[in-house]
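Under our numbering, the first residue of the sequence shown carries the number 8, and numbering increases by one thereafter.
Using N, Cα and C, we set each Cβ at its ideal position, and we do this for glycine too.
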Amino acid sequence: SPPVFQEDVVSDLLSQLDPNKSMGPDGIHPRVMRELAEELAKPLSIIFQQSWLSGKVPDDWRLANVTPIHKKGCKQDPGNYRPVSLTLVPGRVMEQIILSAITQHLQD
């Protein structure tokens, strides 16, 4: 069965956001989303459900800030870096719900 984007689940995930994580390309810090969890849960759950049903996500949810992170070795060698993508918090929350539904389905 498809994931159900329940308001209380969205609220719980928002309130568990790590305030020390980086913000995505929208400039909205996870701390803000966390503090507004109760207010944002209903509109986000509606957006998540509509996105799931339509197979489309808001365009800006597909944006990411990509930052090169040094792994080891010579810092002048581009091969010694790995890309880290910072995406929008709502998209990350929706991904968590979908991952949970897929995992549950595979375990059943």
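In the DSSP assignment, find the unbroken beta strand (DSSP E) run with residue i in it and report its ends.
i: His77; result: Ala71 to His77
In three-state terms, what does DSSP make of residue i?
i: Pro65; result: coil
CB residue i to CB residue j, shorter than 8 Å?
i: Pro32; j: Asn72; result: yes
i: Leu95; j: Asp67; result: yes
i: Ser52; j: Gln13; result: yes
i: Leu20; j: Leu47; result: no
i: Ile109; j: Val16; result: no
On the DSSP bridge assignment, give the partners of residue i in chain order.
i: Leu93; result: Asn72
Along the chain, where does the alpha helix (DSSP H) containing residue i start, and where does it finish?
i: Ser22; result: Glu14 to Ser22
i: Pro26; result: Note, Pro26: premise wrong, no alpha helix (DSSP H); not H, not E.
i: Pro32; result: No alpha helix (DSSP H) contains Pro32, which DSSP labels as neither H nor E.
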